[in-house]
Structures are given as C-alpha cells and as structure tokens.
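Residue numbers (this note's numbering), protein chains in the order written: chain A, 8 to 312; chain B, 44 to 345. Virtual Cβ for every residue (Gly too), placed ideally from N, Cα, C. Written out below as structure tokens is the structure these notes cover.
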C-alpha cells in the first residue's frame, strides 16, 4: 500500500492538470476569445469591463495564472443566459443529476449482479439464454431510442408515466430505466463471465463437499470472489454513465447538469460550459481514483503488483 | 486503472470493449448472422443509391402535405410511403439520405480515429521511454473522461459543421486504438521472428513496417468494426440532442431529435429513423462479434 496510494494520487493530479490546461487552451488560445466569451450586443464599455475581468488583454501566461486563481477561488463569472453566477446555476441543478446517477447505479447493481449470477448458474437452461438475449438488446439499442419508445408506450399510449420533468417519484422511473438498460446489460455480462470462472475453482468443490448449502456456497464463496473484477468494471463505466445521462436528461427535460451543458453548447454560453466541463470531468476523475483505492483495499494482489 | 481493466476483462491485447456473450443457440446459429449480413448489405446499397431511390428531394418542403401518416393508415398520401414530417418532407427520402450521411460520418470517423490511434500507438510502442509514458498518460486522460463533454466543448468552439463532426467522431476512439496497438507491439517485440529480423540486420523501421505492422491488421480490424458501430450511435446521439448535423440536413439521429416534438400526434416521424438506427446497430454488433470470435483463437476454444 505504501507506494500505491501516492502514485495514484500523483496520476490524478497530473490528469486534472491536463484537463484544466486543455480547457484553458481550448477556450482562450483558439481564435479570439473576446468574441465568444462575450454576450452578443455588448457595448464597448461592458466589453472593456469583461476583458479586464477575465484578463483577456494580458499575455497568455498571465491569463493561465488568472484562470487557475479563479478556479481555486471558485469564481467563474456569470452565465451569459441567466446572468447569475455559474456556481449558483450548477448548485440548483446538481442535486437532480446526482439523484438520477445514484438511482441508476443502485438499480444497475441490484438487477445486474443477480441476473449475472443466474445466467451463469442457468447456463444450460432456456431461461438463462433469454435473459442474455434481453441483455443483448439492452446493450445494442441506443438509450435515446429506448427512451422514445418508452415515452410512446407509457406516456402517450397508456398514460401511466409523465414524459418530462423531475418533480415526483414517477418522473424518475423512465429516465432511470433507459439509462440503466445499457449498464445492466454490461454488468450481467461481466458478472456472468466472472462467475463462470469462479464456479470451476477447486474451493467451490471443497465448499460443496463439506456440506454447505448451495446458496451459501454460491454467495459466500462464489459471488464474493467474482465481484472483485466486477467492481473495477463498474468504476470504469462511470464516465460512460455520465455521457449517457447528458442525453437522457435532454430527452426527459430533466433540468439537470446534462441538459444545462447541452443548452450552453447550443447558445455558446462559455462560462457555463467551461465550468461544467471542469466540474464534471474533475468529479469523474476523483470517482475513478476512489474506485481504484477501494479495489486495492479489497484485493491485495493489486497493490502488491 | 486501465491495467486493472485489462487484467480483469480477460483477453489480453484485445480492448476492454465488452464482447457480448450471446445465448448459445443464437451464437451457434448461422441464420441470425446471415440475416444481419443481408440486412446490412441491403441498407448499404440503399444508402449508396439514395439519390436514385429517393422519390423526393429530402429537403423539399410541402406545407399542404404536413404530417401525413405512412401508407395503410387513415389520411395517408400514396406518394409518401413512410409518411411526411412536420414540414411536409418525404420521410422515406429523408431516411435514405439520413442513413447515407450517418454511415458516411461513422466511416470517416472510424478511419480518422484509426489513423490517429495507430500512429500514436506505434510511436508509443516502438519509442518506449518518455514518448510512451507521455502519450499513454494522455490516452488515459482521454479514456477517463466522459466523451460527451469533450464533444460539447469542441462543438461549442468550432461550430457544428459536418467536418467538425467527423473530427469529433475521430477523437472519440483514438485512445482505444492507441492502447491496442501499443499493447500488441509490446508483446510482438518479444517474439522470435522479430528477434530473427534483428539478427539478420534489418533496420528498426523495416522491422516495424514489414514484420510487425502486418500482425496488427487483425486486432485493428476487429477494433474498427466495433468503433464503427459505436460511432453510428455516438453520431446519432449528438445529432439527436441537436449539436451534431444541423437542419435541414437529415441524419437518422437528427430526424429522431426533431420529430420528438410530434411524438404524441405523429409517432411515425420518429419511428422510421429510430427503427433504422436500431437495425444498423444490431446488425453491425452481431457481425462485429462474429468477426472477433473468428479472429481471436483464444475465444474459439470456449
């Protein structure tokens, strides 16, 4: 453990530095930043004030220092559309997005792991192969198409569920289902593979031979070992999950961070977009590190390698 | 992190892109595979011949014929086989042209990503040392980020033209290609035939191009198929949320995105392109999986 954690943290720091620098270069050094960081129809005086605020008239190195300073102080200026501090705009929407992600993650694990185990145990049965087939469909159908199909069925044909917004518990069902479909499918597959590897091990036969009940053998000796690789894969999927959430939030008018960023792109609202990319990317990187550390804590082979 | 992934996701060398385990009866059966191939071939021909097949100009509006349902439904207009959209454009023509553009974008994106990724992978794998460490660090950053964020940033700055979109799609999978190529090179370098080439005095460039590159073709081809199907989905998702191909140009994703507002009254506007996206995605994925099984002898034994 002695070198694993410092090394991992150093890599995280480098990654974050690369991201901040890339965002800085993308927004400042390509073309004339004054034109696209400014709202349209700004008079000369306001323009000069904005230039002074962002330090856009200074040389690139000073701008870079300023950029870091504003980052550390949490000062990101005003959104061009809403004319409010971007930190406030994000603060209002962050909760809804995190709730969607957390719910999706929970549903994915609660459904994906048991199904993965079942398809491994039932590999000779028809039902197991139907579950796999359903997982294949969930994997191959793009999430926004699935969302549209569900809206057609449950909102317009049956009138059971609302098609937009995030106010009641009912609103969470379809976004979570569409977002989770892909990840459940992936998790079923990973869990199944890991279980199949474990089921053939000698210690499983030993556990059976000493008279443990099949359920105990399967869960305590099988699943616990099979889950180790599954945890890593789950960690790797966080970035994909966030990407998917951007699309799904747009479909269901979620009013979260994802559709905010899409809107900011369409309206060229750079302060919002720049802040959003930094915050979301930073969060994903940190989560990845946490997963790695958790993984190393579970499995001694990793930190010794 | 990525090392852990390779360790746990089984097959060394092949990327950590999930390989799907199909039910045995489906994986063994030739019929679904042949069907997928035929459907895909048919769609490819339809896309290539879009200008010949399309009954109308895909962007020609006719306000008197708005939101007509497909033939066979009430109020249908016999000239519009799949119906018409909110601006009175023929859906069949738009689907054909949209399919054509979606496939073309995914193809160019795949080629671009392949060229960038293979080049970087070769530089990293052959150069080793600092170049390797730096390039792989950048690849790791790329893999750790949600790509949609990168796409949003690039499109916000560069605008949303078709050329920009190809660049965005090309950026989406370069790191996977680079990692694959680098990994393959590292293991190839230890093999006897490379040592033999060294021994007879072949220069490094010759060894790289004549002895190692041909061995990369298989894995890179498999990766390219997977990338192609993923890029079809990525492009359609970007166009769907409105930051990809801009109206009035049709791609399958933008047709679904814009038809969304008429979902309640005119579901066919969305249904036709949505079904096409699903068909293409399913077929390419089935074929890509079969190709991977064929290429990878280690999997065949299972």
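Practice item. Within its chain, find whatever has a CB closer than 6 Å to the CB of residue 283/B; leave out the 5 residues flanking it on each side and keep chain order. Key: Residue 283/B sits at position 240 when you count from the first residue of the second chain. Answer for residue 283/B: 296, 299 and 300, listed in chain order.
Practice item. Determine, using beta-carbon pairs with one atom in the region 255-269 of chain B and one in the region 217-226 of chain B, whether at least three such pairs fall under 8 Å. Key: yes
**Study point:** Collapsed DSSP secondary structure at residue 120/B in the structure displayed
**Key:** Counting from one through the second chain, the residue named residue 120/B turns up at place 77. Here residue 120/B sits in coil by DSSP.
**Study point:** Backbone CA spacing between residue 121/B and residue 279/B [nearest angstrom]
**Key:** The count along the second chain starts at 1 and reaches residue 121/B at position 78. The count along the second chain starts at 1 and reaches residue 279/B at position 236. Separation of residue 121/B and residue 279/B (C-alpha to C-alpha, rounded to the nearest whole angstrom) is 29 Å.
Practice item. Could you spell out the range, first to last residue, of the alpha helix (DSSP H) harbouring residue 129/B? Key: The count along the second chain starts at 1 and reaches residue 129/B at position 86. Element bounds for residue 129/B: n/a, residue is neither H nor E.
Check your understanding: Which residue from 199/B, 330/B, 205/B and 154/B puts its Cα closest to that of residue 291/B?
Key -> Position 248 of the second chain, counted from the first residue, corresponds to residue 291/B. The option with the nearest alpha carbon to residue 291/B is 205/B.
Review point. Does the region 199-211 of chain A come close enough to the region 230-247 of chain A to have 3 or more Cβ pairs within less than 8 Å?
Key: yes
Review point. Which residue comes first and which comes last in the alpha helix (DSSP H) that contains residue 205/A?
Key: As a position in the first chain, residue 205/A is number 198, starting the count at 1. Annotation for residue 205/A: the continuous alpha helix (DSSP H) segment containing it runs 177-206.
Exercise for review: Enumerate in chain order the residues of its own chain whose CB-to-CB distance from residue 236/A is below 8 Å, with the five nearest sequence positions on each side excluded.
Suggested key: By one-based count along the first chain, residue 236/A stands at place 229. Only 197 and 201 meet the Cβ criterion.
Review point. From the beta carbon of residue 195/A, is the nearest beta carbon of chain B less than 7 Å away?
Key: On the first chain, residue 195/A is found 188 positions in, with the first residue counted as 1. No, no contact with chain B.
Practice item. Tell me whether the beta-carbon of residue 187/A lies closer than 7 Å to the beta-carbon of residue 325/B. Key: Walking along the first chain from the start, residue 187/A turns up at place 180. Walking along the second chain from the start, residue 325/B turns up at place 282. No, the pair does not count as a contact, with Cβ atoms beyond the cut-off.
Review point. Does the beta carbon of residue 285/B come closer than 7 Å to any beta carbon on chain A?
Key: Taking the second chain and counting its residues from 1, one reaches residue 285/B at position 242. Yes, residue 285/B counts as interfacial toward chain A.
Review point. Of all the CB atoms in chain B, is at least one closer than 7 Å to the CB of residue 232/A?
Key: Locating residue 232/A in the first chain gives position 225, counting from the first residue. Cβ-Cβ to chain B under 7 Å: no for residue 232/A.
Practice item. Show which residues of chain A have a CB atom less than 8 Å away from the CB atom of residue 320/B. Key: As a first step, residue 320/B must be located in the second chain, where it is residue number 277. Result: 149 and 152.
Exercise for review: Could you name the residues of the region 242-272 of chain A whose beta carbon sits closer than 9 Å to any beta carbon of chain B, in the order they occur along the chain?
Suggested key: 242, 243, 245, 246, 247, 248, 249, 250, 251, 252, 253, 254, 257, 258, 265, 266, 268, 269, 271 and 272
Point to revise | Element boundaries [alpha helix (DSSP H), containing residue 29/A] | key: As a working mapping, residue 29/A is identified with position 22 in the first chain. Where residue 29/A is concerned, the enclosing alpha helix (DSSP H) stretches over 11-35.
Review point. In the DSSP assignment, what are the bridge partners of residue 85/A?
Key: The residue you call residue 85/A lines up with position 78 of the first chain. According to DSSP, which records beta bridges pairwise, residue 85/A is partnered with 92/A.
Check your understanding: Taking all protein chains shown into account, do 16 or more other C-beta atoms lie within 10 angstroms of the C-beta of residue 128/B, making it buried, or fewer, making it exposed?
Key -> Counting from 1 along the second chain, the entry for residue 128/B is found at position 85. Answer is buried; the Cβ neighbour count reaches 16.
Review point. Which residues of chain A have a Cβ atom closer than 9 Å to the Cβ of residue 324/B, listed in chain order?
Key: Within the second chain, numbered from 1, the residue matching residue 324/B stands at position 281. Neighbours of residue 324/B on chain A, chain order: 147, 148, 149 and 152.
Practice item. Can you give me the Cβ contacts of residue 250/B inside the same chain, cut-off strictly under 8 Å, excluding the 5 residues immediately before and after it? Key: Your numbering for residue 250/B matches position 207 in the second chain. Counting only Cβ-Cβ distances below 8 Å, and skipping sequence neighbours, we find 237, 240 and 241.
**Study point:** Contacting positions in the region 72-104 of chain A - beta carbon closer than 8 Å to chain B
**Key:** none
Check your understanding: Is residue 23/A close to chain B, meaning its C-beta is less than 7 Å from at least one C-beta of that chain?
Key -> Sequence index remark: in the first chain, residue 23/A carries index 16 (1-based). Not closer than 7 Å to any Cβ of chain B, the Cβ of residue 23/A fails to qualify, so no.
Check your understanding: How should residue 185/B be labelled, buried or exposed, when 16 other C-beta atoms within 10 angstroms of its C-beta is the threshold for buried?
Key -> As a working mapping, residue 185/B is identified with position 142 in the second chain. The residue in question, residue 185/B, is buried, as its Cβ has 16 or more Cβ neighbours within 10 Å.
Exercise for review: Going by CA-CA distance only, name the one from 274/A, 129/A, 255/A and 222/A that's closest to residue 189/A.
Suggested key: Mapped onto the first chain, residue 189/A falls at position 182. Measuring C-alpha to C-alpha distances from residue 189/A to each of 274/A, 129/A, 255/A and 222/A identifies 255/A as the nearest.
**Study point:** Interface positions of the region 190-208 of chain B facing chain A (Cβ-Cβ less than 7 Å), listed along the chain
**Key:** 190, 191, 192, 195, 196, 198, 199 and 200
Practice item. In the DSSP assignment, find the unbroken alpha helix (DSSP H) run with residue 76/A in it and report its ends. Key: Here residue 76/A is taken as the residue at index 69 of the first chain, counted from 1. From DSSP, the alpha helix (DSSP H) with residue 76/A extends over 67-80.
Point to revise | Where residue 187/B meets chain A, residues with beta-carbon distance less than 7 Å | key: Taking the second chain and counting its residues from 1, one reaches residue 187/B at position 144. Neighbours of residue 187/B on chain A, chain order: 22, 246, 291, 292 and 295.
Point to revise | Option nearest residue 85/A by Cα separation, candidates 174/A, 277/A and 105/A | key: Here residue 85/A corresponds to residue number 78 of the first chain, with the count starting at 1. Here the closest residue by C-alpha is 277/A.
Review point. If you scan the region 220-256 of chain B from start to end, which runs of the alpha helix (DSSP H) of 4 or more residues do you find wholly inside it?
Key: 235-242
Check your understanding: Helix or strand or just coil, what does DSSP make of residue 306/A?
Key -> Translated into positions along the first chain, residue 306/A becomes position 299. It is coil, neither helix nor strand.
Practice item. Measure how close the beta-carbons of residue 264/A and residue 245/A come, nearest whole angstrom, since I'm counting them as under 8 Å. Key: Residue numbering aside, residue 264/A sits at position 257 when the first chain is read from its first letter. Residue numbering aside, residue 245/A sits at position 238 when the first chain is read from its first letter. So it is not a contact: roughly 15 Å between Cβ atoms.
Review point. Do you know how far the Cα of residue 232/A is from the Cα of residue 115/B?
Key: Translated into the one-based positions of the second chain, residue 115/B becomes position 72. Translated into the one-based positions of the first chain, residue 232/A becomes position 225. In a straight line, the C-alpha of residue 115/B is about 57 Å away from that of residue 232/A.
**Study point:** Same chain only: Cβ atoms within 8 Å of residue 110/A, ignoring 5 sequence neighbours per side
**Key:** In the first chain, the residue the question calls residue 110/A occupies position 103. Result list for residue 110/A: 179 and 183, in chain order.
**Study point:** Start-to-end residues for the alpha helix (DSSP H) that takes in residue 255/A
**Key:** As a working mapping, residue 255/A is identified with position 248 in the first chain. 245-258 is the extent of the alpha helix (DSSP H) around residue 255/A.
Review point. Nearest to residue 273/B by alpha carbon, out of 142/B, 203/B and 323/B?
Key: Reading the second chain from its first residue, position 230 is the one you call residue 273/B. Residue 273/B has its Cα closest to that of 323/B, out of 142/B, 203/B and 323/B.
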